[in-house]
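Peer 1:
Chains as they are written, first to last, in my numbering: chain G, 162 to 680; chain R, 23 to 149.
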C-alpha cells in the first residue's frame, strides 16, 4: 500500500513555518503499559497529536469557537492521550480559503494538562455570514483543516440555511454512516442533541467494534478516554471538520436517566469537565464544579433563532410509571425555573422568522390509549412525564406570539415527525408548531426491530405523522418562506461499513401556516 | 486502510516464525499473572519498520497467546492468536499508514476466550 506523504513535511504558509519556534521535546511518544515498555520519555517530541481531529461551534456574526485536543496516543488507558504533564502552546489560524493563502486571524493558546490538553479558541472580528477555514499547529505538527462559518449579521436574512440534527451515537453499535452523510452535506450548522458518548459498560449483543475500557465510565479519566475513543472514528471527525456544531448533552454523558436528584457532585463534576474538554463550547459553558450553564441562544440573522436547552441538569426526578398525579404536578419541572424563565423571556422578542428549540427528549404527547384520565405507558423521562412544564413553555410561545416554532429532538432512536398542540386530545384544536425527532446515529444498532405503532395508537395520536425505526439523521433547509425537513436513513444498516444514507421521508412547513405537509 | 475487518484480524498477514527472533521491538507488552497463568505467559512486540506485531507464547501452560489491537481508523479490537505452543512467535504483518498509531494489549486465552485478568494494560506505538 503506498504510504501517504507525512503531513509534517508539507509546510503551508506562515503557521507551518512559525511552528518551528514552538517545537521541542515535550515527552514520551508512547506511554508504557504497566506490564510492558514503550519508547522512553524525553527521547523525542510528541507524535502527531491531532488524532481526535478539529471542530468548531457556536457561530456568531463575528466569530465562533475553534476546538482541538492533543492526544498522540488517544487510547492510552489513563485518559491522558499520551500527553505529558506539562502544558503546551498551540497556534491557530483562520483563513478565508482552504489553502490558507489569506489568513485573517491567528494566535497562540495554551493546551493545559488540567483540561486534557484541549483548546477552545474564540476568534472575533470576522465577517458575518461567510465561510472560513481553520487549523492548528503544536510541536511542529500541523492539524487537518476544518471548515466553519459565521452567522449572518443581525437583521439580515440569507436566502437559505441548511442544518443537520443528530443524536445517540453508541460507538460499539454501528459505523457512523450518518456522520459520513453530514460531512458530505457540508451544512451551515450541525445540532447534536445528546448522547454523544455512552457511559455504560460494553455489552451490545451486536457490535462492530469494542471499547478498550469495557467497564462503566464514572471517573474523569474514564470519561476522557471514552470521548477519545469515539473521536477515533474518521467519519465523526469529518463531520466535526465540515461545519460548526451546537451540542447539548442528554443522560449518557453522565449516567442513564440522571436528573437533578440522583447524581453525586463528584460524578457530575467529572462528566461535565470531560464534556467541556471534548466539545467546541465557549468559555461561557465551561463547568464550575458540578454546575454547567449549557442553555443558550444562537441567532441566524432574521431567518432563524436557535434555543439550545438543557433538559437534564435541573429536572425533577422522573415520576413513577403510569402515575398521572406526579406527571402532572405543576410544581415539577423539566427545565428548572431559571431556564424556563430565560426561555419565556426570549419568546417576547421576535427577531427571526423561525424559532428552533434544540433539546433532548420527546416534546409532543404520546398517549397510546388516548385516555385523558390515565397515563398508562406514557414516558416518564420525556416531556410527557412533566406535562405542566411542557404546557408552560408551549403556552408561553403561543401567548408571546412566536411565529413559527419547530422543536428539534433526539433521544428515542427513531425518526418521528409530529405536529404540536396545546391540547393533544382536541384533534380539531390549533397546531402551534411541529417537532422533528432525529433517530440515532448508531444506538440500537441494526434497526427495524421494533413494531410500528398500531392503527389504534395512530388513531389516538393523529398529530404524529411519521415514525421510522432506522438509523440516520435529520437535515433541513430553511428559507424565509419554508422549512423543508428530510429524514435521512442508513441502508442496509449501520452494521455495514459500506452502507449509504438517503432521504426516507420529506416534509415541509410553511412560514405562518403551522403544521407538517408531506413533500 | 479502512475498516477492512470488524472484530477479527483480517487482511493482516499472519506468519509463524517458530522460535526465530524478530527485529528489535519498539515496544513490548507482557500478559498479567491471573486465572492460573504466570506473568508474561504471553508477550507481544511491535516493530514499526514494516509494521509487524509479534505474538509470543512463552509458557508451556496449554493456553494461547492473544493480541488485541485498535487502529487509527476507529476499528478494533482486531485479534490475532498464537496457538502453536510454548516458544513460538506469530508475526502479524500489518499495513499501516506512516505515522499512524496502533494500541495493543496481549492476553492469555483458552481458544478464543481471553482468561480474565490476563490482559496487559496496553501501549500505543506508531508506524
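Ideal placement from N, C-alpha and C gives every residue a C-beta, glycine not left out.
Consult DSSP for residue 60 of chain R and reduce its assignment to one of helix, strand or coil.
Peer 2: Numbered from its first residue, the second chain carries residue 60 of chain R at position 38. Residue 60 of chain R: coil per DSSP, three-state reduction.
Peer 1: When you compare only the Cα positions, how much space is there between residue 487 of chain G and residue 480 of chain G?
Peer 2: Within the first chain, the letter at position 326 stands for residue 487 of chain G. Within the first chain, the letter at position 319 stands for residue 480 of chain G. Whole-angstrom Cα-Cα distance: 6 Å.
Peer 1: Buried or exposed for residue 691 of chain G, please, with buried defined as at least 16 other CB atoms from any protein chain shown within 10 angstroms of its CB.
Peer 2: What the structure shows of chain G is the stretch from 162 to 680, and residue 691 of chain G is not part of that stretch, so it cannot be assessed.
Peer 1: Strictly by DSSP, which residues pair up with residue 65 of chain R?
Peer 2: Reading the second chain from its first residue, position 43 is the one you call residue 65 of chain R. For residue 65 of chain R, which the question treats as bridged, DSSP gives the partners R:52, R:78.
Peer 1: Along the stretch 92 to 116 of chain R, where does the CB come closer than 9 Å to a CB of chain G? Name the residues.
Peer 2: The residues in question are 92, 93, 94, 95, 96, 97, 98, 99.
Peer 1: Is it buried or exposed for residue 187 of chain G, if we count other Cβ within 10 angstroms and need 16 for buried?
Peer 2: For the purposes of this step, residue 187 of chain G is taken as the residue at position 26 of the first chain. Confidence at residue 187 of chain G is low in this model, with a pLDDT of 25, below 50, so the placement of that residue should be treated as unreliable; the coordinate-derived value is given next. So residue 187 of chain G ends up on the buried side.
Peer 1: Can the beta-carbon of residue 580 of chain G be found closer than 8 Å to that of residue 601 of chain G?
Peer 2: Here the question's residue 580 of chain G lines up with position 419 in the first chain. Here the question's residue 601 of chain G lines up with position 440 in the first chain. For residue 580 of chain G and residue 601 of chain G, no; Cβs fall outside 8 Å.
Peer 1: With DSSP as the reference, label residue 122 of chain G as helix, strand or coil.
Peer 2: Since the first residue shown for chain G is 162 and the last is 680, residue 122 of chain G is missing from the structure and cannot be characterised.
Peer 1: Taking the straight line between their C-alpha atoms, what separation do you get for residue 218 of chain G and residue 268 of chain G?
Peer 2: The residue you call residue 218 of chain G lines up with position 57 of the first chain. The residue you call residue 268 of chain G lines up with position 107 of the first chain. Answer to the nearest angstrom: the Cα atoms are 18 Å apart.
Peer 1: Who pairs with residue 332 of chain G in a beta bridge, going by DSSP?
Peer 2: Translated into positions along the first chain, residue 332 of chain G becomes position 171. DSSP, once it has assigned bridges, lists no residue as partnering residue 332 of chain G.
Peer 1: State yes or no: is the beta carbon of residue 146 of chain R nearer than 8 Å to at least one beta carbon in chain G?
Peer 2: Position 124 of the second chain, counted from the first residue, corresponds to residue 146 of chain R. Yes - at least one Cβ of chain G is within 8 Å of the one on residue 146 of chain R.
Peer 1: Mapping the DSSP letters down to three states, classify residue 524 of chain G as helix, strand or coil.
Peer 2: In the first chain, the residue the question calls residue 524 of chain G occupies position 363. In this structure, residue 524 of chain G counts as coil in the three-state DSSP scheme.
Peer 1: If we ignore side chains and look at the alpha-carbon of each, how far apart do residue 357 of chain G and residue 84 of chain R end up?
Peer 2: Position 196 of the first chain, counting from 1, holds the residue named residue 357 of chain G. Position 62 of the second chain, counting from 1, holds the residue named residue 84 of chain R. Using only the alpha carbons, I get a separation of about 43 Å.
Peer 1: Ignoring anything shorter than 4 residues or poking outside the stretch 374 to 447 of chain G, list the alpha helix (DSSP H) runs there in chain order.
Peer 2: For the stretch 374 to 447 of chain G, whole alpha helix (DSSP H) runs of length 4 or above, ordered along the chain, are 381 to 392, 395 to 403, 426 to 439.
Peer 1: Please classify residue 278 of chain G: does DSSP put it in a helix, a strand, or coil?
Peer 2: Mapped onto the first chain, residue 278 of chain G falls at position 117. DSSP places residue 278 of chain G in coil when its eight states are reduced to three.
Peer 1: Taking Cβ positions only, does residue 143 of chain R come closer than 8 Å to chain G?
Peer 2: Locating residue 143 of chain R in the second chain gives position 121, where the first residue counts as 1. So yes, residue 143 of chain R belongs to the interface.
Peer 1: Return the CA-CA distance between residue 603 of chain G and residue 590 of chain G, expressed in angstroms with no decimal places.
Peer 2: Sequence index remark: in the first chain, residue 603 of chain G carries index 442 (1-based). Sequence index remark: in the first chain, residue 590 of chain G carries index 429 (1-based). The straight-line gap from Cα to Cα measures roughly 36 Å.
Peer 1: With DSSP as the reference, label residue 536 of chain G as helix, strand or coil.
Peer 2: Translated into positions along the first chain, residue 536 of chain G becomes position 375. Residue 536 of chain G falls in the coil class under three-state DSSP.
Peer 1: Name the chain R residues whose beta carbon is nearer than 7 Å to that of residue 216 of chain G?
Peer 2: Translated into the one-based positions of the first chain, residue 216 of chain G becomes position 55. None at all; the shortest Cβ gap to chain R is about 16 Å.
Peer 1: In its own chain, which residues sit with a C-beta less than 7 Å from the C-beta of residue 436 of chain G, not counting the 5 before and 5 after it?
Peer 2: Here residue 436 of chain G corresponds to residue number 275 of the first chain, with the count starting at 1. These residues qualify, in order along the chain: 410, 414.
Peer 1: Could you tell me which of G:379, G:404, G:222, G:286 sits nearest to residue 417 of chain G, measuring between CA atoms?
Peer 2: Looking up residue 417 of chain G in the first chain gives position 256. Closest by alpha carbon: G:379.
Peer 1: Counting only C-beta atoms, is residue 121 of chain R closer than 8 Å to chain G at any point?
Peer 2: As a working mapping, residue 121 of chain R is identified with position 99 in the second chain. So yes, residue 121 of chain R belongs to the interface.
Peer 1: Which residue spans inside the stretch 568 to 631 of chain G form an unbroken alpha helix (DSSP H) run of at least 4?
Peer 2: For the stretch 568 to 631 of chain G, whole alpha helix (DSSP H) runs of length 4 or above, ordered along the chain, are 616 to 621.
Peer 1: Distance check for residue 454 of chain G and residue 670 of chain G, CA to CA, integer angstroms please.
Peer 2: For the purposes of this step, residue 670 of chain G is taken as the residue at position 509 of the first chain. For the purposes of this step, residue 454 of chain G is taken as the residue at position 293 of the first chain. Approximately 32 Å, taken between the alpha carbons.
Peer 1: Just confirm the distance between the C-beta atoms of residue 127 of chain R and residue 90 of chain R, as a whole number of angstroms; I'd bet it's less than 8 Å.
Peer 2: Here the question's residue 127 of chain R lines up with position 105 in the second chain. Here the question's residue 90 of chain R lines up with position 68 in the second chain. Yes, they are in contact, since the Cβ atoms of residue 127 of chain R and residue 90 of chain R sit about 5 Å apart, within 8 Å.
Peer 1: Taking the C-alpha atoms as reference points, what is the distance between residue 465 of chain G and residue 561 of chain G?
Peer 2: On the first chain, position 304 is the one that residue 465 of chain G refers to. On the first chain, position 400 is the one that residue 561 of chain G refers to. One C-alpha to the other measures close to 17 Å.
Peer 1: Cβ of residue 394 of chain G less than 8 Å from any chain R Cβ?
Peer 2: Position 233 of the first chain, counted from the start, is the residue given in the question as residue 394 of chain G. Chain R contact via Cβ: present.
Peer 1: With a cut-off of 8 Å on the beta carbons, I'd call residue 81 of chain R and residue 60 of chain R a contact; round off their distance for me.
Peer 2: By 1-based counting over the second chain, the position of residue 81 of chain R is 59. By 1-based counting over the second chain, the position of residue 60 of chain R is 38. Indeed, because the Cβ distance is near 6 Å, the residues count as touching under 8 Å.
Peer 1: Could you tell me the boundaries of the beta strand (DSSP E) in which residue 244 of chain G lies?
Peer 2: Position 83 of the first chain holds residue 244 of chain G. Looking at the DSSP string, residue 244 of chain G is not in any beta strand (DSSP E), and its letter there is neither H nor E.
Peer 1: Decide yes or no for the touch test of the stretch 364 to 377 of chain G against the stretch 611 to 625 of chain G: beta carbon pairs closer than 8 Å, at least 3 of them.
Peer 2: Judged by Cβ distances under 8 Å, the stretch 364 to 377 of chain G makes no contact with the stretch 611 to 625 of chain G, as fewer than three pairs qualify.
Peer 1: Between residue 211 of chain G and chain R, is the shortest Cβ-Cβ distance under 8 Å, so that the two count as touching?
Peer 2: Taking the first residue of the first chain as 1, we reach residue 211 of chain G at position 50. No, because no Cβ of chain R sits closer than 8 Å to the Cβ of residue 211 of chain G.
Peer 1: By the 10 Å Cβ neighbour count, where 16 or more other Cβ atoms means buried, how is residue 262 of chain G classified, buried or exposed?
Peer 2: By 1-based counting over the first chain, the position of residue 262 of chain G is 101. By the 10 Å Cβ count, residue 262 of chain G comes out exposed.
Peer 1: Rounded to whole angstroms, what's the CA-CA distance from residue 302 of chain G to residue 210 of chain G? Just pull it up for me.
Peer 2: On the first chain, residue 302 of chain G is found 141 positions in, with the first residue counted as 1. On the first chain, residue 210 of chain G is found 49 positions in, with the first residue counted as 1. If you take the alpha carbons of residue 302 of chain G and residue 210 of chain G, they lie about 7 Å apart.
Peer 1: Can you tell which of G:445, G:406, G:440, G:451 has the C-alpha that lies nearest to the C-alpha of residue 116 of chain G?
Peer 2: Outside the modelled stretch of chain G, which goes from 162 to 680, sits residue 116 of chain G, for which no answer is possible.
Peer 1: Between the Cα of residue 245 of chain G and the Cα atoms of G:300, G:265, G:352, which residue gives the shortest distance?
Peer 2: For this step, residue 245 of chain G is matched to residue 84 along the first chain. Nearest C-alpha to residue 245 of chain G: G:300.
Peer 1: What does DSSP give as the partner residues of residue 92 of chain R in its beta bridges?
Peer 2: Start at 1 with the first residue of the second chain, and residue 92 of chain R comes out as number 70. Residue 92 of chain R pairs with R:125.
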